[in-house]
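K.L.:
Counted the way our numbering counts, the sequence shown spans residues 4 to 90.
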Amino acid sequence: MMVMVGVAFMAVIAMVMILFMVLMFLMMAAMRMVTVMIMIMIMIIIFTFVLIVVCIHWFLQIIKSHQPIIFIYFMIADTCFLTARFM
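1. Using CA coordinates, which residue listed in V56, L63, Q64 is at the minimum distance from I16?
2. On the premise that M27 lies in contact with I43, defined as a C-beta separation below 8 angstroms, what is that separation, rounded to the nearest angstrom?
3. Suppose the cutoff is 8 angstroms on Cβ atoms and the five residues either side in sequence are ignored; what does the same chain contact list for D81 look like?
4. Please report how far the alpha carbon of L63 lies from the alpha carbon of F12, in whole angstroms.
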């Protein structure tokens, strides 16, 4: 069960990262400004930091509770919320 959770976890993180890279390239194509690129870099750094914090939070949650399926749902919802907030 832990393996399944781990796989789901990695898939969600990979998905978010790919989404972010695409967004970054679109922004750079739209306007080639140094300020925009710096802003995006700062956003990505903040986003990765938040993601790490959320990952730690999720891990503590799964250690405490014994409902991995509910945990996965929470994880996906959390990621969606974060992605929406950063867009």
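Glycine residues also receive a C-beta, built at the ideal position from the N, C-alpha and C atoms.
A quick note: this is a predicted structure, and the numbers were derived from the prediction, not measured.
P.N.:
Taking the geometry as given:
1. V56
2. Confirmed, about 5 angstroms.
3. Counting only Cβ-Cβ distances below 8 angstroms, and skipping sequence neighbours, we find V57, W61.
4. 14 angstroms
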